[in-house]
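Data block below; observations after.
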Amino acid sequence: MASDDEEMEISKDNMEDDSDDNDTDDDSTSEDSADEQIDDSKQEAELVVLRDAVKSSPYNYQAHIDYINLARQYTNLEHLRFARQTMSELFPLTEKLWLDWIHDETLLLVSNSEEKKEFVQLFERAINDYLSVMIWIEYVQYRIPYYISLNSMEELRNLFERGLSSCALHLTDGSLLWAAYIETEKAILEGILLNYQTNANNDLKEKIAQHVDYILTLYRRQLSIPLRGMDTVYYTDYNEFCQQYKEYLPTNYNEKYDLTLKDDLDRAIQRLKECEKFEQELEDTKRSVPTYRKYIESEKEPTRIQCLYERAIVDNCLDGDLWLSYLDFAEEYLTSTNILQSIFQRAVRNCPWVATLWIRYAEYMEFNKT
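The numbers in the UniProt record's numbering rise by one with no breaks, and the one at position 285 of the sequence shown is 285.
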């Protein structure tokens, strides 16, 4: 065994070793902190350079993109918000730019009512630049809990209907928004049914029947439109729903819904087959304007033509002639002055160098001034 003196020596040595280790740890921490400060300063300097580049050349599109990308890479919220706000004031933003912005702000969102109001305004801005099913889906999914918590079904449905007025006819992606709408209504219906099972009464039973009828109407609307995946919607989703809620179906169900719906479905499927050759050609030609023009010429329904123009704009937003063609169509077939004015505003915002667009816009405003 070690003597008391030896134990004291060992303890002293250990204390000295621990002291050396602590000194080393302190030195390491100081060095790390200094390195972080250097990195932060370096990042700030890089971001300032890009910010100044944007300020000196505000219409340099790529400069804005570079600034946003670097601010996002460095997770610098102050620069990122400034970069996005600055760019959005000068240029319409693509779907990806808006979705990135929305997703980043979602992570920072708190229960502050003012912040939530600003977030809703962000969505309202996002849906106005270009046709985007995905932005609309993000929007309605964000608002669903809010409206349900207030029992504001009418407002929730109004929001979905606004989305459908924009995206319902989108052949390749439109079914996604329809599905979101119908699944939301189904979830609400299940809640009513659960309440009925524990508190059965005629009022709740009538409410279930009305909700079933509403969902049937949504299916009927969707299945009358040529959309990808409509076979599955009818033969799986729709039929399963009817089977699950068969005791709540309208008394004239076969005549009013199923039989006429099948006729609408057959016509829509036939048109879908005709459209698919154009969809394939769009893929083959990288969504070129000439292919979109052929597609548009094959369509006879003004509402579907408008949707095709909106899709064409997404893929060819800098084509001034395409905007002029869209305006020719819109002035002849669209009656809403709000929609027409929006198209004019977006046209000059996307192609500010096209003088004819500005002339047409000025003539329109002169003719429609109050």
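For glycine and all other residues, C-beta sits at the position ideal for the given N, C-alpha and C.
Open item on the list: Assess contact between the region 168-183 and the region 131-148, defined as three or more Cβ pairs (one per stretch) separated by less than 8 Å. Is contact present?
Closed with: yes
Task: Closest by C-alpha distance to residue 303, when choosing among 183, 171, 232, 263 - done: Position 303 of the sequence shown, counted from the start, is the residue given in the question as residue 303. For the residues 183, 171, 232, 263, the minimum Cα distance to residue 303 belongs to 171.
Task: Close-in-space but distant-in-sequence residues of the same chain around residue 205 (CB under 7 Å, 5 per side omitted) - done: Sequence index remark: in the sequence shown, residue 205 carries index 205 (1-based). Excluding positions up to five away in sequence, the list reads 196.
Task: Beta-carbon gap between residue 106 and residue 54 smaller than 8 Å - done: Residue mapping note: residue 106 aligns to position 106 of the sequence shown, counting from 1. Residue mapping note: residue 54 aligns to position 54 of the sequence shown, counting from 1. In this structure, residue 54 does not lie closer than 8 Å to residue 106 by Cβ.
Task: Distance between beta carbons of residue 166 and residue 127, contact taken as under 8 Å - done: Looking up residue 127 in the sequence shown gives position 127. Looking up residue 166 in the sequence shown gives position 166. Yes, they are in contact, since the Cβ atoms of residue 127 and residue 166 sit about 7 Å apart, within 8 Å.
Task: 7 Å CB neighbourhood of residue 66 in its chain, flanking five on each side removed - done: The count along the sequence shown starts at 1 and reaches residue 66 at position 66. The residues are 50.
Task: Cα-Cα separation between residue 312 and residue 199, rounded to whole angstroms - done: As a working note, residue 312 is residue 312 in the sequence shown. As a working note, residue 199 is residue 199 in the sequence shown. If I take the Cα positions, the gap works out to 53 Å.
Task: residue 151 versus 162, 91, 185, 93, residue with shortest Cα-Cα distance - done: As a first step, residue 151 must be located in the sequence shown, where it is residue number 151. Among 162, 91, 185, 93, the Cα nearest to that of residue 151 is on 185.
Open item on the list: Please report the straight-line C-alpha distance between residue 99 and residue 59, rounded to a whole angstrom.
Closed with: Counting from one through the sequence shown, the residue named residue 99 turns up at place 99. Counting from one through the sequence shown, the residue named residue 59 turns up at place 59. Rounded to whole angstroms, the separation of the alpha carbons of residue 59 and residue 99 is 22 Å.
Open item on the list: Does residue 350 pass the burial test, meaning 16 or more other C-beta atoms within 10 Å, or should it be called exposed?
Closed with: Locating residue 350 in the sequence shown gives position 350, where the first residue counts as 1. Residue environment: residue 350 is assigned as buried (16 or more neighbouring CB atoms within 10 Å of its CB, all protein chains considered).
- [ ] Using a threshold of 8 Å, state whether the C-beta atoms of residue 223 and residue 180 are closer than that.
- [x] In the sequence shown, the residue the question calls residue 223 occupies position 223. In the sequence shown, the residue the question calls residue 180 occupies position 180. Cβ atoms of residue 223 and residue 180: not closer than 8 Å.
TODO: Spatial neighbours of residue 339 within its chain, please: CB distance less than 8 Å, with the 5 preceding and 5 following residues excluded, ordered by chain position.
DONE: Indexing the sequence shown from 1 puts residue 339 at position 339. 330, listed in sequence order.
Task: Exposed unless 16 or more other CB atoms sit within 10 angstroms - verdict on residue 284 - done: As a working mapping, residue 284 is identified with position 284 in the sequence shown. Its Cβ having fewer than 16 others within 10 Å, residue 284 is exposed.
Open item on the list: With distance defined between alpha-carbon atoms, name the residue in 235, 52, 213 nearest to residue 63.
Closed with: Here the question's residue 63 lines up with position 63 in the sequence shown. Of the candidates 235, 52, 213, the one whose C-alpha sits nearest the C-alpha of residue 63 is 52.
TODO: With DSSP collapsed to three states, give me the class of residue 10.
DONE: Position 10 of the sequence shown, counted from the first residue, corresponds to residue 10. In this prediction, residue 10 has a pLDDT of 39, which is less than 50 and means its spatial position is unreliable; what the coordinates show is noted afterwards. Reduced to three states, the DSSP call for residue 10 is helix.
- [ ] Check whether the Cβ atoms of residue 327 and residue 347 lie closer than 8 Å to each other.
- [x] Taking the first residue of the sequence shown as 1, we reach residue 327 at position 327. Taking the first residue of the sequence shown as 1, we reach residue 347 at position 347. Result yes, Cβ atoms of residue 327 and residue 347 sit closer than 8 Å.
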